[in-house]
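All letters in the sequence shown, in the order written, are residues 1 to 1040 by the UniProt record's numbering. By construction, the Cβ of each residue, glycine as well, lies at the ideal position given by its N, Cα and C atoms. Predicted model only: the values in this text are computed from it and were never measured.
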Amino acid sequence: MVKDPTESDVDCGGTSGCGPCADNLICTQDADCVNTKCLNTKCAPLCQNQRKDSTESDVDCGGTSGCGSCADMSTCTGDADCLNTKCLNNKCAPLCQNQRKDPTESDIDCGGTTGSLCNNMVKDPTESDVDCGGTSGCGPCADNLMCTQDADCVNTKCLSSHCAPLLCQNGVQDTGETDVDCGGSTGCATCADMMVCIVGTDCASNNCVMSTCADSCFSGDDNVTLADGSLRAIRDLQVGDLVWTISDDTKTLVLSEVFVMPHNVRNRIVRFYTVETVTGHRFSLTSTHYVRVSHFEYLSASQLILNHSLYVIDKTAGNIREARIRSIIIEDKQGAFNPLTLHGTLLVNGIFASSYTRAFGWSHETFQNMATPFRLLYYVTKYLVAIPIALAIYTSIGSEQQKQQAEKKQKFDFEQSRELRQQTLYDEFLNNIYKLDKDGYLNDIKNPWAFANAYYRAAHRQWDTIRNADVIQFLKEKQLIGRNNCSNGCRTTKLDDIIRLNELSFDNVRLTSETGILNKLNLQCISFDQISISNGEFLSVNLNGVSFDGARLDNVKFDGSSLVCVSFNGANLTGAHFSNSDLSGAKITEDQIKQAYFYNVTMSNGKKSETTSSTTTKKPMTQITTMLKTKTSTASSLSSTTSLIIAPSTPLITAPSTSSSSLSSTTSSTSTSSSTTASTTITTTLTTSTTTTTSVACNSTFLNQTIYSLGLSPYAVAVADVNNDNQPDIVTANWVSGTVSVLLNAGNDNFSSQINYSAGSQSYSVAIADVNSDNKSDIIIANGGTHTVSVLLNTGNGSFFPQTTYAVDLGPQSVVVVDVDSDNKPDIVTANRGSNTISILFNIGNGTFPPKTTYTVGAEPVSVAVADMNSDNKLDIVTANMKSNTVSVLLNTGNGTFSPQTTYAVGAMSVAVAVADINNDNKPDIITANQASDTITVLLNKGNGSFSSQINYAVGRSPPSVAVADVNNDNQSDIITTNQNSNTVSILLNTGNGTFFPQTTYAVGAVPQSVIVADVNRDNKPDIIVTNFSGNTISILLHC
């Protein structure tokens, strides 16, 4: 019951020797079919196979076939074979020629109302075919004859200018069919998903839900993992079971409860997609069932391809990782089951999957939102009264199908139920912690603390600040945190906390003693390492021996608290406020002291503080900015990620790797971006002027993000002045909505609301350049779904004309615009993941482009950059190849032609490339972001366009983009990445010789995709701009 590689369909056809396939099954040749006729890759039934079979008197008619009567002049063996019931000389005789007196004739073959035109065996002007149809009055035409309208046909259906047969092919729902040409008792094909059905056998999925073909099930043979780590077959799951799943941010394991089983079909044969990853994980799910896919959020099983990566639990290390799909087969199994959990997800055989389906046209998130009232109802009532939740959900779904527009009005009122929800979640957590403690999962001997940690983290993300503060106190009282002894305020033991608070957000949490200074709240010896507690408060709290290492404590207030022996190693104390507190023996640096405010505080050296403020301790520094005077030209291209170049009236900008860039040179003829300077030639003698400006010395520190809304799933970002107001604007490519968002710079560190323009399907990458030489910045988009690039020309005021599209190779995922043939016109270069090529569109000169030129590169190129890699004054091409874990370098041989690729090994799953001189030898080096290894790779240029072996540096989880810029004003190129699974950006500061310090991270939005560095507020300091794929937003981190 599996479709093997040698079969054309399940257990039949092909070269398998399994025998021919039944009608309507898949085929590739006539021999695959029982009736030996393959039409349009389906085995054709008798009467529909466009040939004369042994039981027919002519093609698909007559004889003993039961196919229906034959049209006039068709071959026949008896009168019953003919539409006009007369066979003469083995031909069906027309009226007027059948040698009998028909009802409309006054005598044999003459007179009466029959007329002569309808029997002349000629297609007359008033007829749609010979002697039938049209306005002739000759009567309707038989099947497969010509027609112009339904009335011309015996079966009243004209399809593609031919009369359609009565059943299965006429594009209408006939009697006996459950939907158009499918289902029912007609013998037609089964119906596809979302078509009407009565029983499961009407559906290709063999599953009829609410009179609709739909499937949302797992195989009962697959397993889930229960709270205690044991496995249970899905068919044996019960409502109330606690099962493991992965958090929405794909960072941690969490527990979730099964609250309903809407599909529990044990005896029916159901068709499944069985998916296996390269890690050996394997599970089966029906065609429309959702599964979480890296980069795509949720896709249905039928949408999966071998290049997709799923989230799995590593069988050895037990950590969450991505695993590429190795195989997908279709097979039939008995039984189909669908447990709905409170999170809407679960781990099936170690693979992260949804509980929902796309069969009703809704996303995973829409289903999860719809189920919110029922989840809360389950919480409240599970111990009180049995409620038929499955029926309630399907009743709701039925209502939604009829009243889509009423959904908002009927949704649960979250504001009114907020307090109930918080208290219910809180009580449920305490109850489950009690269960884990009772069963011995919170002691030092058994030590499976991951269960308790996962459950806490899942609950933590749903609580408000009040409950989060309450739970910290509860965990301390239960000795699940802060377990060490603290003699005289300092730790004397080294016990691990059972519940880990690291990397969680406690922003705005307020922890205070109920009796004030009389009895301080006891939070001694807790590890708050790497947490964020911005704008939080500790009022009259005993924090002796606490560790805040690596924590974000900006604007935190410590008042009347004891902080003896507290550790602040690597913590951010910007704007923190200490008053009436004791810091004796605390580990705090002079730089941190300068960041914060102190009033009446015993400092770490035992001395009383003076009143100090971070606003008065920072000294101004002199920043020297060099201006390059250049000759303006009409040609332009994307700017380089090489370094920050400040041109007159031009912002600092570095391009993102997802759009890639060309290298701007300061010593030879080159092209720089319209988003920086429209210049192509630097004068022979460089004339420089020096401007001195004063700014606050804050090195590489960035302020908290500012967020702006965008189109659906923004994938890439570019920055340029698109409306000629000397302010850098932001442009994004939005993958799901297939649009371009333009955010115009309003000044004062703000941007206007988005303006959207249509682009192609799956907009992966964006570049900005003047492609038609009118001194206005145009937008270019790579469209992976339509295998095109879109060019949106600037109207002149920052708005854009509708797109013009040009074909490139399959699946373009990155685009750069730069003059590669030295004709002073910017050309378009794309990296095409689906065809393992790059495409070049050479600019004709007026912003139009001829057919593509292609070159082969490595496997699955997903990012492209352009720079002069071998110092010959010609721009070369570099791609990052995701599947082969390489970069390809194509050297320019002149006039825009390129030599075959040279490849260099980089990290695992290299998805982004940037080119920049990072070791100050005036030679551009290569930097890649590697998603599978959570690293960046540096390849240093040897000087002749060849490169040294890779050097790798750790960054955050799953980095999809990389940019290079000097972010700390030391004239050294630093590296910036986005980290999808950490929701952060990493900054790696250059040590000065092309090596890098360990990363510093900053929080951004949900699933950050692309990063660019640019001075968006014109203060001569580089800012960071990030697109957040899942948040549908952009984050801007202004340099302090």
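Sort the options by Cα distance to residue i and report the nearest one.
| i | options | result |
| --- | --- | --- |
| Asn723 | Ile755, Lys315 and Asn952 | Ile755 |
| Gly561 | Asn555, Asn542, Asn569 and Leu573 | Note on identity: in this sequence residue 561 is Ser, with Gly being the wrong assignment. Considering only alpha carbons, the answer is Asn542. |
| Cys92 | Thr75, Asp102, Ser958 and Arg100 | Thr75 |
| Leu145 | Asp129, Asp60 and Asn824 | Asp129 |
| Ala932 | Asn797, Gly945, Asp181 and Ala908 | Ala908 |
| Ile526 | Val546, Tyr597 and Ser534 | Val546 |
| Val154 | Ser161, Thr148, Leu743 and Pro165 | Pro165 |
| residue 1041 | Ala914, Leu939 and Gly943 | No answer is possible for residue 1041: the residues shown for the chain start at 1 and end at 1040. |
| Gly896 | Val820, Leu939, Asp102 and Ser136 | Val820 |
| Asp573 | Asn605, Cys141 and Ser534 | Looking at the sequence shown, residue 573 is not Asp but Leu. Of the candidates Asn605, Cys141 and Ser534, the one whose C-alpha sits nearest the C-alpha of Leu573 is Ser534. |
| His460 | Gly19, Gly489, Ile481 and Phe429 | Phe429 |
| Arg321 | Ile329, Leu310 and Arg292 | Leu310 |
Taking DSSP as the reference, what is the three-state secondary structure of residue i?
| i | result |
| --- | --- |
| His364 | helix |
| residue 1118 | Outside the displayed span of the chain (1 to 1040) sits residue 1118, for which this structure offers no information. |
| Ile926 | strand |
| Phe528 | coil |
| Ala80 | helix |
| Val541 | strand |
| Gly200 | helix |
| Val818 | strand |
| His460 | helix |
| Leu663 | Note on Leu663: pLDDT 35, under 50, position unreliable in the model; no value is reported. |
| Arg491 | strand |
| Glu331 | strand |
| Gln1009 | strand |
| Lys607 | coil |
| Val471 | helix |
| Asn952 | strand |
| Thr626 | Per-residue confidence for Thr626 stands at a pLDDT of 27, beneath the threshold of 50, marking its modelled position as unreliable; the derived number appears in the next sentence. Here Thr626 sits in strand by DSSP. |
| Thr1033 | strand |
| residue 1118 | Because the chain here runs from 1 to 1040, residue 1118 falls outside it and cannot be looked at. |
| Ile108 | coil |
| Asp591 | helix |
| Asn453 | helix |
| Asn600 | coil |
| Tyr394 | With a pLDDT of 48 at Tyr394, under the threshold of 50, the modelled position of this residue cannot be trusted; read the value that follows with caution. Tyr394: helix per DSSP, three-state reduction. |
| Pro388 | Because the pLDDT of Pro388 is 47, which lies under 50, any placement of that residue in the model is unreliable, and the number read from its coordinates should be weighed accordingly. Pro388 falls in the coil class under three-state DSSP. |
| Glu322 | strand |
| Asn98 | coil |
Would residue i and residue j qualify as a contact pair, given that the criterion is a beta-carbon distance under 8 Å?
| i | j | result |
| --- | --- | --- |
| Thr602 | Lys608 | yes |
| Val258 | Ile246 | no |
| Thr706 | Ile1036 | yes |
| Asp549 | Ser579 | no |
| Asn892 | Ala905 | no |
| Asp809 | Thr848 | no |
| Ile313 | Gly350 | yes |
| Gln901 | Val857 | yes |
| Ala912 | Thr928 | yes |
| Thr175 | Ile198 | no |
| Val985 | Ile1024 | yes |
| Asp53 | Ser65 | yes |
| Leu226 | Val239 | no |
| Gln524 | Ala551 | no |
| Val224 | Leu306 | no |
Worksheet item: Does the stretch 24 to 39 come within contact of the stretch 67 to 76, defined as at least 3 CB pairs closer than 8 Å?
Response: The stretch 24 to 39, when compared against the stretch 67 to 76, does not touch it at the 8 Å Cβ threshold.
Worksheet item: Are the stretch 458 to 472 and the stretch 505 to 512 touching by the rule of at least three beta carbon pairs closer than 8 Å?
Response: A contact exists between the stretch 458 to 472 and the stretch 505 to 512.
Practice prompt. Please specify which runs of the beta strand (DSSP E), each continuous and at least 3 residues long, are wholly inside the UniProt domain "Hint" (215 to 314), giving them in chain order.
Written response: DSSP runs (the beta strand (DSSP E)) wholly in the UniProt domain "Hint" (215 to 314): 223 to 225, 231 to 233, 242 to 246, 253 to 277, 282 to 285, 289 to 293, 297 to 300 and 309 to 313.
Discussion item. Does the stretch 962 to 974 come into contact with the stretch 984 to 995, if we say contact requires no fewer than three beta-carbon pairs (one atom in each stretch) closer than 8 Å?
Written reply: yes
Practice prompt. Inspect the CB distances between the stretch 333 to 344 and the stretch 291 to 311 and report whether three or more fall short of 8 Å.
Written response: Too few Cβ pairs lie closer than 8 Å, so no.
Worksheet item: Which ranges would you report for the alpha helix (DSSP H) in the stretch 27 to 94 if only whole runs of at least 4 residues count?
Response: Fully enclosed alpha helix (DSSP H) runs of 4 or longer: not present.
Worksheet item: Just checking, does the stretch 812 to 827 make contact with the stretch 735 to 752 on the three C-beta pairs under 8 Å criterion?
Response: no
Practice prompt. May I ask you to verify whether the stretch 565 to 573 touches the stretch 582 to 593, counting CB pairs closer than 8 Å and requiring at least 3?
Written response: yes
Fill in: Length at least 3, wholly inside the stretch 115 to 189: the beta strand (DSSP E) runs in chain order
none
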